[in-house]
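Numbering (numbering that gives the first Met the number 0), first residue to last: 0 to 144.
We put the CB at the ideal spot given by N, CA and C, even for glycine.
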Amino acid sequence: MKENTLPKKTTWLWFVRVILITFILVAICLYFTPLFSFLKIAAIVIGILGIIIAFLYLPFFFKTYKIILSNDAVIVKYGIFIKAEHIMPYKRMIYAQSFETPLARLWGVAAVRLKAARSYLLVAEIEKESARSIIDFLAEGESHE
0 MKENTLPKKT TWLWFVRVIL ITFILVAICL YFTPLFSFLK IAAIVIGILG
50 IIIAFLYLPF FFKTYKIILS NDAVIVKYGI FIKAEHIMPY KRMIYAQSFE
100 TPLARLWGVA AVRLKAARSY LLVAEIEKES ARSIIDFLAE GESHE
């Protein structure tokens, strides 16, 4: 059984994403504040939530994220308040692919999508080499069973 965790780059990538989205939403609210005065309160709430998510929630969430390659399935475990465990058996898997957003490309990470009939499993951004090794491991087919 092979267990992987997420690199620190993933936390920083999501930190940047949350801060950018928060900044954009706050800017939009403040831009339209002369028309709708309640948007000033919305901007404050969005700003506070964005800071809480970026500085508190994301680091704890990504510390709990585990990717396990067992003898017969890929297992992804994560969660702080609500614990989740997703299991994708190798026998049901149709294909595996890695992809990266432009921002993820700058950080040198890629996400992995595992597709099965009527379902898929998305693995958060990991190092490109790790993503390639997971896909290569899964491509070996019957040899890992």
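| request: Count the C-beta pairs between the region 81-97 and the region 126-136 that are closer than 8 Å, then say yes if the count reaches three, no if not. | output: yes
| field | Close beta carbons around isoleucine 93, own chain, < 8 Å, minus the five adjacent residues each side | value | Counting from one through the sequence shown, the residue named residue 93 turns up at place 94. Same-chain partners within the cutoff: Lys114, Ala115, Ala116.
| request: Report yes if the CB atom of leucine 121 is closer than 8 Å to the CB atom of alanine 110, and no otherwise. | output: Sequence index remark: in the sequence shown, residue 121 carries index 122 (1-based). Sequence index remark: in the sequence shown, residue 110 carries index 111 (1-based). A contact, by the Cβ cut-off of 8 Å.
| task | Along the beta strand (DSSP E) that carries proline 58, what are the first and last residues, could you check? | result | Counted from its first residue, the sequence shown places residue 58 at position 59. It is not in any beta strand (DSSP E) - proline 58 instead sits in the alpha helix (DSSP H) that spans 57-62.
| DSSP three-state assignment for alanine 115, whether helix, strand or coil | Taking the first residue of the sequence shown as 1, we reach residue 115 at position 116. Looking at alanine 115 - three-state DSSP - the assignment turns out to be strand.
| request: Give me the Cα-Cα distance between lysine 62 and leucine 34, rounded to the nearest whole angstrom. | output: The residue given as residue 62 occupies position 63 in the sequence shown. The residue given as residue 34 occupies position 35 in the sequence shown. When rounded, the distance between both Cα atoms is 42 Å.
| Helix, strand or coil: which one does DSSP assign to leucine 101? | On the sequence shown, position 102 is the one that residue 101 refers to. The sequence given here places proline at residue 101; leucine does not occur at that position. The answer is helix: DSSP assigns proline 101 an H, G or I state.
| request: Can you check the region 25-54 for any beta strand (DSSP E) of at least 3 residues that lies completely inside it and give the ranges in chain order? | output: none
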